[in-house]
Amino acid sequence: MCGRDWSSDVCSSDLGRTPGKRFGSTAKTIVAQAACPIFLLSDEGLHYPLTVIETGSPASDRALALALTLMTGREETLFVIAVTDPQQNEDEQEQRTRRRQVHLEADGLTVRILDAEDAAQLPRMLQSLAHGTLILPAEEASLIENVATSIILVP
Numbered sequence: 016m017c018g019r020d021w022s023s024d025v026c027s028s029d030l031g032r033t034p035g036k037r038f039g040s041t042a043k044t045i046v047a048q049a050a051c052p053i054f055l056l057s058d059e060g061l062h063y064p065l066t067v068i069e070t071g072s073p074a075s076d077r078a079l080a081l082a083l084t085l086m087t088g089r090e091e092t093l094f095v096i097a098v099t100d101p102q103q104n105e106d107e108q109e110q111r112t113r114r115r116q117v118h119l120e121a122d123g124l125t126v127r128i129l130d131a132e133d134a135a136q137l138p139r140m141l142q143s144l145a146h147g148t149l150i151l152p153a154e155e156a157s158l159i160e161n162v163a164t165s166i167i168l169v170p
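For the sequence shown, our numbering begins at 16 and goes up steadily by one.
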């Protein structure tokens, strides 16, 4: 089944499905070449609260901006998992924190920031937040196998 909206083509099919896997080789190829966000639906569709992974990359900045847009007018908490980059020096980490704060200064928005010391903590953290929709920057696509909720993958 395919549909068209203002921003992209949206298609769904049973082709490329690997039994027991949520994210097979066909999906990985599509994600690697995507120019716009991809919505991977669970049975619940888009549901709140939203959780976004923030790594400091351009894709995570776009993921955070998308999360803020989707939260407009909503009263739920936005969960932001901020992953520490051990290769960043103190000045780079401070710039990243300031950039994140600029994004999060939306009026009336409740944000809960959870710090992850490294990316290895993410699967466990995501399972403890196993609700709502997850918004992932494309470089964290490997996390898709760790969650059963709906996901928006942002290139």
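Every residue, glycine too, gets a C-beta built ideally from N, C-alpha and C.
How about Ser57 and Glu154: are their beta carbons less than 8 Å apart?
As a first step, residue 57 is located in the sequence shown; it is residue number 42 there, counting from the start. As a first step, residue 154 is located in the sequence shown; it is residue number 139 there, counting from the start. Not closer than 8 Å, so no.
Assigned exposure category for Leu175 - 16 Cβ within 10 Å defines buried:
Summary: the structure shown does not reach residue 175, with the chain confined to residues 16 through 170, and so no result is reported for it.
Classify Leu66 as buried or exposed, calling it buried when 16 or more other Cβ atoms lie within 10 Å of its own Cβ.
Indexing the sequence shown from 1 puts residue 66 at position 51. In the sequence on display, residue 66 carries Thr and not Leu. Thr66 is buried by the Cβ-count criterion.
Tell me the rounded alpha-carbon separation between Ile13 and Arg111.
No answer is possible for residue 13: the residues shown for the chain start at 16 and end at 170.
Look at the Cβ atom of Arg77, then the Cβ atom of Val162, and state whether they are nearer than 8 Å.
Here the question's residue 77 lines up with position 62 in the sequence shown. Here the question's residue 162 lines up with position 147 in the sequence shown. No; because the gap between Cβ atoms is not below 8 Å, this pair is not in contact.
Whole-angstrom Cβ separation of Gly147 and Thr164, contact assumed at under 8 Å?
Reading the sequence shown from its first residue, position 132 is the one you call residue 147. Reading the sequence shown from its first residue, position 149 is the one you call residue 164. The pair is a contact, with the Cβ atoms about 6 Å apart (cut-off 8 Å).
For the ligand FAD, is there a heavy atom less than 7 Å away from the beta-carbon of Ile96?
With respect to the ligand FAD, the structure offers nothing, as it holds no ligand at all.
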